[in-house]
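**Q**
In this note's numbering, the protein residues as written are 1 to 244.
Right under this line is the structure:
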């Protein structure tokens, strides 16, 4: 990786500059520490752009990020192709715990696969005023999933992700998928405009936020203080309630 840490945690702060990786499995930033990047450009030409492992963090401020993960090359693509990965590998490189991904301003561009993939860890994700672009039309906005454990990432059937996602002044488009061994609490804060579908999640739409459906959804629960455009589709809650 262009910016990386190894075992033992620590703090890295990068201000300005352009950082580019060219290899497979070589993200622009790989964090097993607390990494902050400000006012910079991050490019991964043949890899996901960002990886957080274990109880560590990446914080980006006014930074432009682009990733281009290869589908056939690189071990992590065996489980999922993505632009940002948040996970626990169980290799001993990082302590287990909550991973934190915070991005304010700047841009996040994925050229292949899902935009954000979370597996075998708990994660807090905060997005504010980020320009998010997925050039892969089949890619999901967020995938919170278990994995097959062939790479040692937990035990199959019990290695999902647990995510708290909060957005402010944020435009989001795409599908959010959460499997049965994973959880998502998604708070759409003021100024959020989300166009897409979600499943198996606890959803809060705050005042000043808008959710526009692009398909039928089944979610755990819903608190709505903002605007939901059903767009002809339905929301089914875990208790059987159908909103239409």
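Note that beta-carbon positions come from the ideal geometry of N, C-alpha and C, so glycine has one too.
Computed from a predicted model, the values in this text were never measured in an experiment.
Just the Cα atoms here: how many angstroms apart are residue 70 and residue 117?
**A** The straight-line gap from Cα to Cα measures roughly 15 Å.
**Q** Report yes or no: do the segment 138-146 and the segment 106-114 share at least 3 C-beta pairs separated by less than 8 Å?
**A** In short, these stretches touch, since the Cβ pair count reaches three.
**Q** Which same chain residues, not among the five before or five after residue 131, have their C-beta less than 6 Å away from its C-beta?
**A** Counting only Cβ-Cβ distances below 6 Å, and skipping sequence neighbours, we find 107.
**Q** List, from N- to C-terminal side, the alpha helix (DSSP H) runs of 4 residues or more that fit wholly inside the segment 7-80.
**A** Segments of the alpha helix (DSSP H) lying fully in the segment 7-80: there are none.
**Q** Secondary structure at residue 143, three-state DSSP: helix, strand or coil?
**A** Residue state, collapsed to three classes: strand.
**Q** What did DSSP end up calling residue 211 once you bin it into helix, strand or coil?
**A** Here residue 211 sits in strand by DSSP.
**Q** In the segment 93-131, which residue ranges form an unbroken beta strand (DSSP E) of at least 3 residues, counting only runs that do not cross its ends?
**A** Whole beta strand (DSSP E) segments, 3+ residues: 98-104, 107-110, 114-119, 122-128.
**Q** Considering only C-alpha positions, which residue in the set 77, 215, 183 is nearest to residue 203?
**A** Checked all of 77, 215, 183; the closest Cα to residue 203 is 183.
**Q** Using DSSP's beta-bridge definition, name the partner residues of residue 87.
**A** Beta-bridge pairing links residue 87 to 53, 119.
**Q** Suppose you measure from the CA of residue 125 to the CA of residue 232; what does that come to, to the nearest Å?
**A** Approximately 30 Å between the Cα atoms of the pair.
**Q** Just grab the DSSP bridge partners of residue 135 for me.
**A** Per DSSP, none; premise fails for residue 135.
**Q** If distances are taken between C-alpha atoms only, which option among 17, 50, 43 comes closest to residue 30?
**A** Selected option, being the one with the closest Cα: 50.
**Q** Express the C-alpha separation of residue 47 and residue 56 in angstroms, rounding to a whole number.
**A** Approximately 20 Å between the Cα atoms of the pair.
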